[in-house]
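Asker: Note that the working numbering has the sequence shown beginning at 12, numbered continuously upward. Built from N, CA and C at the ideal position, the CB exists for glycine as well.
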Amino acid sequence: MKHMRKQEWIVVRGVGSVSGLGGTPEEILAAYASGKPAFTTMPALGTSVPVAPLAPSAERLLQQILQANPTYATLDRTVQLAILAARQAVAQAGWHPDDPGTTGVNLGSSRGATGLFEQFHADFLKTPEKRLSPGVSPSTTLGNVASWVANDVQAHGPVISHSVTCSTALQAFANGVAWLKAGMAKRFLVGGTEAPLTPFTLAQMRSIGIYSRHAAPDSPCRPMGQESNTFVLGEGAAVFALEKMNQAELDQLGQEHVLVVEAVGMGFERSPSKTGLSREGLHFQSAMRDALAQANLSAAAIDAVVLHAPGTKAGDAAEMRALEHCFGQASVPALFTNKTLIGHTLGASGGLSAEMALALLLGKPCAATTLLTLPPTQTPSRILVNAAGFGGNAASLLLGRLL
Numbered sequence: 012m013k014h015m016r017k018q019e020w021i022v023v024r025g026v027g028s029v030s031g032l033g034g035t036p037e038e039i040l041a042a043y044a045s046g047k048p049a050f051t052t053m054p055a056l057g058t059s060v061p062v063a064p065l066a067p068s069a070e071r072l073l074q075q076i077l078q079a080n081p082t083y084a085t086l087d088r089t090v091q092l093a094i095l096a097a098r099q100a101v102a103q104a105g106w107h108p109d110d111p112g113t114t115g116v117n118l119g120s121s122r123g124a125t126g127l128f129e130q131f132h133a134d135f136l137k138t139p140e141k142r143l144s145p146g147v148s149p150s151t152t153l154g155n156v157a158s159w160v161a162n163d164v165q166a167h168g169p170v171i172s173h174s175v176t177c178s179t180a181l182q183a184f185a186n187g188v189a190w191l192k193a194g195m196a197k198r199f200l201v202g203g204t205e206a207p208l209t210p211f212t213l214a215q216m217r218s219i220g221i222y223s224r225h226a227a228p229d230s231p232c233r234p235m236g237q238e239s240n241t242f243v244l245g246e247g248a249a250v251f252a253l254e255k256m257n258q259a260e261l262d263q264l265g266q267e268h269v270l271v272v273e274a275v276g277m278g279f280e281r282s283p284s285k286t287g288l289s290r291e292g293l294h295f296q297s298a299m300r301d302a303l304a305q306a307n308l309s310a311a312a313i314d315a316v317v318l319h320a321p322g323t324k325a326g327d328a329a330e331m332r333a334l335e336h337c338f339g340q341a342s343v344p345a346l347f348t349n350k351t352l353i354g355h356t357l358g359a360s361g362g363l364s365a366e367m368a369l370a371l372l373l374g375k376p377c378a379a380t381t382l383l384t385l386p387p388t389q390t391p392s393r394i395l396v397n398a399a400g401f402g403g404n405a406a407s408l409l410l411g412r413l414l
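(1) When the distance is taken between beta carbons, is L127 closer than 7 Å to L95?
(2) Helix, strand or coil for W190? Go by DSSP, reduced to three states.
(3) Does DSSP put M235 in a helix, a strand or coil?
(4) Look at P207 and R122 and say whether their C-beta atoms are less than 7 Å apart.
(5) I'd like to check one pair, Q296 with C337: are the Cβ atoms closer than 7 Å?
(6) Which whole-angstrom value describes the C-beta separation of N117 and F199, a residue pair presumed to lie in contact below a C-beta threshold of 8 Å?
(7) Which residue wins for smallest C-alpha separation from L244, given the options V316, S360, A399, L253?
(8) For a minimum of 4 consecutive residues, which ranges assigned as the alpha helix (DSSP H) are wholly contained in the region 91-179?
(9) Where do the ends of the beta strand (DSSP E) carrying S30 lie?
(10) List the DSSP bridge partners of T204.
(11) Is E19 near the ligand GDP, in the sense that its beta carbon is under 6 Å from a heavy atom of that ligand?
(12) Near T8, which residues of its chain fall below 7 Å by C-beta distance, leaving aside the five closest residues on each side in sequence?
(13) On the criterion of 16 or more Cβ atoms from any shown chain inside 10 Å, does Q219 qualify as buried, or is it exposed?
(14) Which residue wins for smallest C-alpha separation from G203, given the options P61, A249, P169?
(15) Give the straight-line distance between the Cα atoms of A379 and F347, rounded to the nearest whole angstrom.
(16) Touching or not, the region 127-145 and the region 76-83, by the rule of three or more beta carbon pairs under 8 Å?
(17) Are there 16 or more other CB atoms within 10 angstroms of the CB of M195, so buried, or fewer, so exposed?
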């Protein structure tokens with residue numbers, strides 16, 4: 012992919028993530044190569060309920076941070092995961108607090124401070140007459156996510172937390188790209204985080220009737236399977252260091268391949284139900300077409316799609332119909348998913364899917380268990396990443412590789 016006229020690009024300088032796949036880039040790539048699922052059960056949630064918690068190695072990295080800074084131990088797990096992932100992204104990007112130009116932060120979560128909120132509310136119900144700790148309110152606001160990350164990495168620009176259900180991470184990309192293109196910042200941290208493995212959150216998902224009935228060792232999350240709903244909850248965070256760069260700056264990097272954000276398409280449809288899903292996936296169609304239009308590309312330019320595909324019959328089918336509408340039934344590109352390995356991480360899922368897309372753009376191997384159709388015959392140059400959430404919203408991130 013050659014860009015002769017563009018003078019500036021939105022470059023992905025660094026990536027950090029923690030999930031059931033692991034806590035370091037090397038471990039995550041190895042997990043994709045092996046295709047080993049991360050599903051297990053947790054005693055507090057019931058021995059028959061599959062979930063995808065952090066990999067033990069990632070949990071150890073998290074605990075090291077909490078032991079080093081006791082204040083961080085008082086934060087919700089959602090925030091803690093974001094701090095760990097953000098540190099990795101900033102380190103990989105080589106950013107420093109004294110770098111010239113504004114560095115912003117836009118991170119979000121579908122559920123926010125899930126664990127702490129449930130804990131504090133349960134304590135309140137037991138003894139409602141007892142005075143709450145003054146830390147309850149500030150520690151359960153959604154604003155915790157971006158503000159604590161900005162504090163940890165010493166950012167000095169806009170700090171934005173948001174929730175757009177399961178589209179959260181990709182809409183963070185949209186916000187970051189907009190600020191960068193407008194010249195209002197030089198660098199931006201974007202992404203999503205989620206720690207939903209709590210009894211009440213799990214009960215909510217099961218009440219919808221979408222949770223998988225397959226046991227943890229039996230591939231419980233099966234996107235596009237269509238035989239039944241196979242939704243499984245996972246936890247994790249993914250953070251990306253984006254920087255606006257010109258050709259001279261790219262030349263100084265001296266990298267063989269540069270990964271860039273070419274567009275972030277947005278879609279919305281009037282919600283036909285509380286879950287906001289139409290049979291034809293109109294919000295998916297709008298988001299993908301918007302991304303292509305922004306980049307001035309045809310559907311044929313896309314080599315692969317990393318699906319949202321949460322393992323629900325209605326949602327997976329709607330996304331597939333949307334792909335057929337956008338690409339043509341006989342021309343749908345290679346389809347990928349990581350939910351067969353880590354389930355659905357809600358607000359973090361789009362970010363973790365974007366991380367998988369970046370690995371594919373660099374030609375890293377992904378096991379056959381993560382593929383839904385045949386892979387490209389060569390390393391892809393452009394990939395769409397889809398996400399959608401309750402309320403009728405969707406986003407489609409277009410990532411590319413500069414040659």
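Answerer: Taking the definition as stated:
(1) Not a contact, by the Cβ cut-off of 7 Å.
(2) If DSSP states are grouped into helix, strand and coil, W190 belongs with the helices.
(3) It is coil, neither helix nor strand.
(4) Yes.
(5) In contact: C337 and Q296 (Cβ atoms closer than 7 Å).
(6) At roughly 6 Å, the Cβ-Cβ gap stays under 8 Å, so N117 and F199 are in contact.
(7) The candidate whose alpha carbon is nearest that of L244 is S360.
(8) Note on the region 91-179: whole alpha helix (DSSP H) runs with a minimum of 4 residues are 125-137, 147-150, 155-164, in chain order.
(9) Membership of S30 in any beta strand (DSSP E) is not indicated, and neither H nor E is assigned to it by DSSP.
(10) DSSP, once it has assigned bridges, lists A248 as partnering T204.
(11) Questions concerning the ligand GDP fall outside what the structure shown contains, since it holds no ligand whatsoever.
(12) Look at the range of the chain in this structure, 12 to 414, and you will see that residue 8 is not part of it.
(13) Residue identity differs from the one stated: residue 219 is Ile in this sequence, not Gln. By the neighbour-count rule (16 or more Cβ atoms within 10 Å), I219 is not buried but exposed.
(14) That would be A249, whose Cα lies nearest to the Cα of G203.
(15) Spanning the two alpha carbons is a distance of roughly 10 Å.
(16) Touching, no, given that fewer than three Cβ pairs across the two stretches are closer than 8 Å.
(17) Taking every protein chain shown into account, the CB of M195 has fewer than 16 other CB atoms within 10 angstroms, so this residue is exposed.
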